[in-house]
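Here's the structure, in structure tokens; my notes come after.
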Amino acid sequence: MGSLFRSEEMTLCQLFLQSEAAYACVSELGELGLVQFRDLNPDVNAFQRKFVNEVRRCDEMERKLRYLEKEIKKDGIPMLDTGENPEAPQPREMIDLEATFEKLENELREVNQNAEALKRNFLELTELKHILRKTQVFFDEVSD
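So, in structure tokens, the structure goes:
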């Protein structure tokens, strides 16, 4: 497998793909890591592009994965890093991945909210316990 160094010989190619095969072809080329994609329509607004919804879905899934990774690292949970990039999922698998990421994010946010509520309750109860102890000492001194 080669790499993209400046001194390596390169060829500029333009591919025309059928819409049905575009995803599979681009993902396969991307997984090889031997190509660089150039935007031939830099003046086109992002919202006018053909696959803008798919890109948004991927961005949203990436955001959720970054959030999950941040929380995992924050808690010091070891993660397995094989150093390999996984294969691009098929479009039908994307729906399952989206649902899984959404579920995990919601559950983790709920767990964090519950942990914060428990901390607040613990601090309030600890404060009340100390107040009761001081009050008990005060009443014991008065009754003596």
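Per the numbering used here, the very first residue in the sequence shown carries number -16; after that it's consecutive. C-beta: ideal position from N, C-alpha, C; glycine also.
Proximity of residue i and residue j at Cβ, strictly below 8 Å
i	j	result
E54	L91	yes
M77	R40	yes
Y50	E88	yes
Residue i classed as buried or exposed, judged by whether at least 16 other C-beta atoms fall within 10 angstroms
i	result
K112	exposed
K57	exposed
K117	exposed
K86	exposed
Residue i (DSSP reduced to helix, strand or coil)
i	result
A100	helix
A4	helix
A82	helix
T(-6)	coil
V125	helix
V129	The chain is shown from -16 up to 127; residue 129 falls before or after that span and cannot be answered.
I60	coil
Reference residue i; option with closest CA among the options
i	options	result
C(-4)	L17, Y6 and L108	L17
S2	F34, D22, A82 and L12	F34
L15	A71, F122, R75 and F105	A71
field: Any alpha helix (DSSP H) of 4 or more consecutive residues that is wholly inside the region 20 to 54
entry: Those alpha helix (DSSP H) runs which fall completely within the region 20 to 54 and span 4+ residues do not exist here.
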